[in-house]
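Asker: Before I ask anything, let me first share the structure, which is written out below as structure tokens.
2 protein chains.
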Amino acid sequence: MSGRERRPVTIYEVADRAGVSIATVSRALRDSGLVAPATRRRVQQVAEELRFRPSRAGRALAEGQHAANGIVFPDLSGPYYAEVVLGYEEVVAELGRSVLILATNGRAKAEDAVHELAGRVDGMVIMGRTVGDHVVVRIADTGLPLVLLARPPVGLVDTVTADNESSARDLTAHLLGHGHRRIAFLGDPDESPDVAGRYTGFREAMTGGGYPVPVATPCAFDVRSGYAAAKDLLRTRPDAVVCANDEVALGALRAAEDLGLSVPGDLALTGWDDIMAAGYARLTTVHQSMRELGATAARWLDERIGGAKTVTQTLARREVLPTRLVIRASCGSHTDGGTT
Amino acid sequence: MSGRERRPVTIYEVADRAGVSIATVSRALRDSGLVAPATRRRVQQVAEELRFRPSRAGRALAEGQHAANGIVFPDLSGPYYAEVVLGYEEVVAELGRSVLILATNGRAKAEDAVHELAGRVDGMVIMGRTVGDHVVVRIADTGLPLVLLARPPVGLVDTVTADNESSARDLTAHLLGHGHRRIAFLGDPDESPDVAGRYTGFREAMTGGGYPVPVATPCAFDVRSGYAAAKDLLRTRPDAVVCANDEVALGALRAAEDLGLSVPGDLALTGWDDIMAAGYARLTTVHQSMRELGATAARWLDERIGGAKTVTQTLARREVLPTRLVIRASCGSHTDGGTT
DNA sequence: TCCGTCGTTGGAAGCGCTTACATTTCTGTT
DNA sequence: AACAGAAATGTAAGCGCTTCCAACGACGGA
Chain A
1 MSGRERRPVT IYEVADRAGV SIATVSRALR DSGLVAPATR RRVQQVAEEL
51 RFRPSRAGRA LAEGQHAANG IVFPDLSGPY YAEVVLGYEE VVAELGRSVL
101 ILATNGRAKA EDAVHELAGR VDGMVIMGRT VGDHVVVRIA DTGLPLVLLA
151 RPPVGLVDTV TADNESSARD LTAHLLGHGH RRIAFLGDPD ESPDVAGRYT
201 GFREAMTGGG YPVPVATPCA FDVRSGYAAA KDLLRTRPDA VVCANDEVAL
251 GALRAAEDLG LSVPGDLALT GWDDIMAAGY ARLTTVHQSM RELGATAARW
301 LDERIGGAKT VTQTLARREV LPTRLVIRAS CGSHTDGGTT
Chain B
341 MSGRERRPVT IYEVADRAGV SIATVSRALR DSGLVAPATR RRVQQVAEEL
391 RFRPSRAGRA LAEGQHAANG IVFPDLSGPY YAEVVLGYEE VVAELGRSVL
441 ILATNGRAKA EDAVHELAGR VDGMVIMGRT VGDHVVVRIA DTGLPLVLLA
491 RPPVGLVDTV TADNESSARD LTAHLLGHGH RRIAFLGDPD ESPDVAGRYT
541 GFREAMTGGG YPVPVATPCA FDVRSGYAAA KDLLRTRPDA VVCANDEVAL
591 GALRAAEDLG LSVPGDLALT GWDDIMAAGY ARLTTVHQSM RELGATAARW
641 LDERIGGAKT VTQTLARREV LPTRLVIRAS CGSHTDGGTT
């Protein structure tokens, strides 16, 4: 059970004990050919006995590769980012590489942290609402493979996003179809590219229907903020509120309750992301496969890194993953999708 | 906007341009003293101009340190692990180190992956339900600082857990207090140390009250499994079901609905973890601060690594973080805790 | 004026690994 | 039996950085 400090065993010791050179050890433990079967067996056995694990730092330095990928996201508190990271990790791990994560949160030194991360990986994913474009540009200039997730394209960098605008249009159209006219938007388009897209789609649908477009009511992404902002917003007596995400909608739902408003009777409410709690709160929302977002980004990144030895793309790739409206009770619909 | 592959700038180029040796560059960019102010300024300026970022691999090899910590968890799908990881990341990042994550999921090569991870970090956290004790022992033998999270202690390794047993006792006692007698346990104690603890507390309370202890009904951790397992279990007409976690309870809740059983009228139901959806489903459950678990593990790990230069502990530390019963409607209580 | 010091800086030896290239050892051929 | 060529292995040069140790001036006291 140890206790004593213990220097890890190096390739030299294995070489010594196996009576070969370190070059042979290196080859025996990795290459397929180039080593006599008998030698290989002997080396492998010695390595096993000594519990030899090649030093990552040594390999990284010699190969000029880290065998690791990074991902930068705002935080992990909601289910949203957790799912994205999960999808990412799954694919990256399958490719035999490690995953470094970095939550910028409200962290002051986020930029430095991102640069630091860039120095430890062979490629990374940067999500929206983390660092500014200038950071992306600077890192891309380095030659480091990059994929942007849920943020507007920058330069020649690959970008994966979920379809916010069209689902926002659909959602708003649905609300209009229910007869709602005074529809408010709760969320800050300036804070997140996703919200910006949602607001755009919302605006288009309103304008398209010939209705005036209200300004967005800024609001952070958590239940508490949604509650607080909704408390104010609801005084203006909207028919419906399109919320930037489910957590905000859940907060708004609570505010409505507190104000004695029945949902969907007095007020229709919609969210975004289709988190688990949304199902139980009967919240109409928009579903997107977060895991698929993460997985797609991981695969693209791998292609750029060259793992798949595919034809190297010259142009930037763009992809907008589809989303799906989930109609539940909160928007005033008659059909109730339940918790699925 | 780049395009061309570009070798990162090395310490040599900085040294050249600044007209000093690489040793001086290294010192100027890190040490506090030992370099003439004028020299330091010049070097820093050149480094800035060249956008020099010391190679991590180079540093790691020279220093014998990675400045990175790892964390191994089963998956990230529920809010549970995501929160733990978030708490962990927050503290580790504050300490100026990077975070490597590894989800073992159902992955076949989990052990190898954990060993691989061990080679990239200066210390790591291993959660329950990921890899066997022999892996922990082998890595601990290496001298690598380790902290176990939500799993039984192994050897001299520090361990942080949440208090499962006593809250299980309380929860069960509460159920008995409501008059329930035929109480079932839904979850697999062999699958997870946490569940094992919960089942133990459950058993103690039942035995203590003089009631027979039913065997646990095995069940995986997701809603679907909970639903399926509950469908069968409910045929035995229990008064109440203590579920291993909230997701399972949510599944059971659905099963009850499908079977036409009213909760809590015909059946009391409890969960564990107090995830967001639990509030909206009015689920009685047990709350624990997942973030605090992760944060505590991170701090302990840092002490072991020596970051805090504290007195080196010789003995293994153990800590059981407190949990809190959250009584809502699903257990048949009269008070309804709402969604908070 | 000489010498011991201290503050600065450079030289160079690794850290543990991969890999190009050189060398040795087998093959099979003629 | 001699030799070309293939197969196996060894040698050694890095990869980019940190840091020990030596070298070098400049400075102050004797």
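Each protein sequence line maps, in turn, to chains A and B.
For the first sequence, the numbering used here assigns the number 1 to the initial residue and increments by one for each residue that follows.
For the second sequence, the numbering used here assigns the number 341 to the initial residue and increments by one for each residue that follows.
C-beta atoms are modelled at their ideal positions from N, C-alpha and C, and glycine is treated no differently.
(1) So which residues on chain A does B:Arg396 lean against when the C-beta distance must stay under 7 Å?
(2) Along the chain, which unbroken stretches of the beta strand (DSSP E) at least 3 residues long are found entirely within the region 199-275 of chain A?
(3) Roughly how many angstroms lie between the CA atoms of B:Leu440 and A:Arg198, to the nearest whole one?
(4) Relative to chain A, which residues along the region 532-559 of chain B have a C-beta separation below 8 Å, given in chain order?
(5) Cβ of A:Met276 less than 9 Å from any chain B Cβ?
(6) For B:Asn445, decide whether its Cβ has a neighbour in chain A, counting only Cβ atoms nearer than 9 Å.
(7) For B:Asn445, which of A:Pro54, A:Ser330, A:Ala93 has the nearest alpha-carbon?
(8) Would you kindly work out how many angstroms separate the C-alpha atoms of A:Met127 and A:Ala150, rounded to a whole number?
(9) For the pair the region 29-47 of chain A and the region 367-382 of chain B, tell me if three or more CB-CB distances fall below 8 Å.
(10) Rounded to a whole number of angstroms, what is the C-alpha to C-alpha distance between B:Val603 and B:Arg594?
(11) Helix or strand or just coil, what does DSSP make of B:Gln405?
(12) Between the alpha carbons of A:Leu301 and A:Ser98, how many angstroms are there, rounded?
(13) Would you kindly check if the distance between the Cβ of A:Ala47 and the Cβ of A:Val20 is under 9 Å?
(14) Within the 9 Å Cβ cut-off, does B:Ser438 reach chain A?
(15) Taking the beta strand (DSSP E) that A:Thr346 belongs to, which residues open and close that run?
(16) For a test of the three-state rule: what should DSSP assign to B:Arg391, helix, strand or coil?
(17) Going by the DSSP bridge assignment, what does A:Thr324 pair with across the sheet?
(18) Does the separation of the CB atoms of B:Leu435 and B:Met464 fall below 9 Å?
(19) Using the C-alpha atoms, what's the distance from A:Val160 back to A:Leu293?
(20) Let me make sure I understand the geometry here. Which of B:Thr482, B:Val425, B:Glu451 has the alpha-carbon closest to that of A:Leu102?
(21) Chain A partners of B:Pro485, CB-CB under 9 Å?
(22) Can you list, in chain order, the residues of its chain with a C-beta nearer than 7 Å to that of B:Lys449? Leave out the 5 residues immediately preceding and following it.
(23) Can you tell me the Cβ-Cβ gap for A:Ala281 and B:Tyr620, rounded? I've got them flagged as a contact below 8 Å.
(24) Taking 9 Å as the CB-CB cut-off, is A:Gly19 touching chain B?
(25) Could you check which residue in B:Leu416, B:Tyr420, B:Tyr428 has the C-alpha nearest to that of A:Glu90?
(26) Would a check of beta-carbon distances place A:Ser167 closer than 9 Å to chain B?
(27) So for B:Arg347, helix, strand or coil by DSSP?
(28) Going along chain A in order, which residues have a C-beta closer than 7 Å to the C-beta of B:Ala453?
(29) For a contact defined as C-beta to C-beta under 7 Å, what are the partners of A:Ser77 on chain B?
(30) Can you tell which of B:Val477, B:Ala669, B:Val476, B:Arg460 has the C-alpha that lies nearest to the C-alpha of B:Ala618?
(31) Here's the rule I'm using: 16 or more other beta-carbon atoms within 10 Å means buried, otherwise exposed. How should B:Leu609 be labelled?
(32) Taking its Cβ as the centre, do 16 or more other Cβ atoms sit within 10 Å of A:His174, making it buried, or is it exposed?
(33) Where in the region 431-515 of chain B do unbroken runs of the alpha helix (DSSP H), each at least 4 residues long, occur, reported from the N-terminal end onward?
(34) In whole angstroms, give me the CA-to-CA distance for B:Pro419 and A:Glu13.
(35) Residues of chain B with CB under 8 Å from A:Tyr280, in chain order?
(36) Classify A:Ala277 as helix, strand or coil using the three-state DSSP reduction.
Answerer: This is what the structure gives:
(1) Residues of chain A passing the Cβ test: Gly119, Arg120.
(2) 240-243, 268-270
(3) Between B:Leu440 and A:Arg198, the C-alpha separation is close to 33 Å.
(4) So nothing in the stretch comes that close.
(5) yes
(6) yes
(7) A:Ala93
(8) 6 Å
(9) no
(10) 10 Å
(11) coil
(12) 13 Å
(13) no
(14) yes
(15) Residue 346 of chain A falls outside the range modelled here, since chain A spans only 1 to 340, and no answer is possible.
(16) The answer is coil: DSSP assigns B:Arg391 none of H, G, I, E or B.
(17) Residue identity check: residue 324 of chain A is Arg in the sequence provided, not Thr. A:His287, per the DSSP bridge assignment.
(18) no
(19) 7 Å
(20) B:Val425
(21) The contacting residues do not exist; B:Pro485 stays about 11 Å from chain A at best.
(22) none
(23) 5 Å
(24) no
(25) Selected option, being the one with the closest Cα: B:Leu416.
(26) no
(27) coil
(28) Ala93
(29) Result: Leu426.
(30) B:Ala669
(31) buried
(32) buried
(33) The region 431-515 of chain B contains these whole alpha helix (DSSP H) runs: 450-458, 473-481.
(34) Answer to the nearest angstrom: the Cα atoms are 45 Å apart.
(35) Leu590, Ala617, Tyr620, Ala621
(36) helix
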